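Residue numbers (full-length UniProt numbering): 1 to 292.
The C-beta atom is built at its ideal place from N, Cα and C for all residues, glycine as well.
Since this is a predicted model, take the numbers as computed values, not measurements.
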Amino acid sequence: MKLSKLPLLVQEEVLHNMEYTDLFLLSFLSKKVKKLIKSSQVNRSKKIDYIMYDCDHAQEILVYVFYKNDWNEKLLLLAKHDDTDNDCHQLSVSGKMIDIHSHDANKEILENFFTSSPTFKWINIWAHGSTEPANPESKFYQAESIQILQLRHNSPDVLRHFQGKQAVLKCCECEVLDVISFLNRWKSGDAYLKLEYLSIQLFEGEFPQNEILNSIGAKHIDETNKPPTHCLPKVYIDYHSFCSEPNTDPFSSHAYVVRVTDNCVASVSIQEKLIYFGVWNKTEDEFLKMIE
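Right, here's the structure in full:
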């Protein structure tokens with residue numbers, strides 16, 4: 001008997017008693033079936049903590065689903081991308097988190113995925129291969145929080161296009177001019193208006209501290225004064241990882257920059273292999289009073 005021939009309530013009951021594996025495979029049948037699954041399984045989907053996609057060299061996608069309050073249970077699915085259908089088959093959950101491991105994944109696959117998905121709260125991506133930068137307007141850059149392990153410089157260009165609140169970038173290399181451009185664009189008020197926190201960690205090379213600070217016209221707190229410590233609650237806490245700290249890495253620095261458009265202050269810490277950038281919800285006068 002065809003599922004579509006059954007009354008709607010019976011269809012929903014059948015779907016409710018199916019495993020997520022079967023639901024996922026069933027969603028490939030048609031857009032109509034996929035829509036039915038998404039609309040009828042809203043309450044079940046709320047049990048999902050986050051979803052992880054692993055794109056391999058064969059352009060196949062491994063899908064893991066992690067559930068709230070359950071560290072062990074996860075769903076492993078295997079899907080092949082269909083170039084004839086730009087509508088990614090998935091059980092999208094609005095506002096959820098996503099973890100992507102990308103091994104030379106086709107950029108069109110990832111872009112189609114983000115286009116057909118809601119804007120995510122948190123994205124963690126391991127860019128191992130030569131993935132080209134995504135569309136500047138991609139929903140990838142609209143996530144509230146992004147964490148990227150970038151093993152090649154031509155991975156997603158977060159420093160240019162990020163529109164969210166918190167970003168953590170770990171990379172082998174990072175062009176100094178890109179860092180300077182990022183800081184100056186924030187300072188001018190031309191971009192990154194929602195940004196709260198950014199950290200960049202290098203695996204190779206070093207950041208030229210004086211060159212960067214001079215290029216952005218950084219100001220300095222008197223060395224005799226103790227600068228305030230910047231630390232914020234994370235947008236999302238990954239309880240499934242070994243590092244589940246609830247807050248961003250605390251840091252303090254005597255160097256800071258002031259945004260031209262609203263006099264907002266951000267602390268800047270530049271070490272040999274690490275940059276911290278933290279925005280204060282304070283004007284320069286208010287910031288300096290904290291020190292006094």
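{"Check": "Backbone CA spacing between L274 and T248 [nearest angstrom]", "Outcome": "14 angstroms"}
{"Check": "The segment 136-145 contacting the segment 198-209, beta-carbon criterion three pairs below 8 angstroms", "Outcome": "no"}
{"Check": "C-beta atoms of L159 and F182 nearer than 8 angstroms", "Outcome": "yes"}
{"Check": "Three-state class that DSSP yields for L3 in the structure shown", "Outcome": "helix"}
{"Check": "Straight-line gap, F251 to L29 (C-alpha atoms, nearest Å)", "Outcome": "51 angstroms"}
{"Check": "Buried versus exposed call for G278 [16 or more other C-beta atoms within 10 Å across all chains shown]", "Outcome": "buried"}
{"Check": "Beta carbon of Q209 nearer than 8 angstroms to that of I270", "Outcome": "yes"}
{"Check": "Where C171 falls, given that 16 or more other Cβ within 10 Å makes a residue buried", "Outcome": "buried"}
{"Check": "Pick from E175, W280, N124 and Y236 that is closest to L195, judged by C-alpha positions", "Outcome": "W280"}
{"Check": "Among C174, T224, P246 and S267, nearest to I216 - alpha-carbon criterion", "Outcome": "S267"}
{"Check": "Candidates V33, A191 and L177: closest to K5 by CA position", "Outcome": "V33"}
{"Check": "Rounded C-alpha distance that separates Q166 from Q11", "Outcome": "42 angstroms"}
{"Check": "Meets three-Cβ-pair contact criterion under 8 angstroms: the segment 16-24 and the segment 34-43", "Outcome": "yes"}
{"Check": "Beta-ladder partner(s) of P233, from DSSP", "Outcome": "N247"}
{"Check": "is_contact[V168, chain C] using C-beta, thresh 8 angstroms", "Outcome": "In the structure shown, chain C does not exist; there is a single protein chain."}
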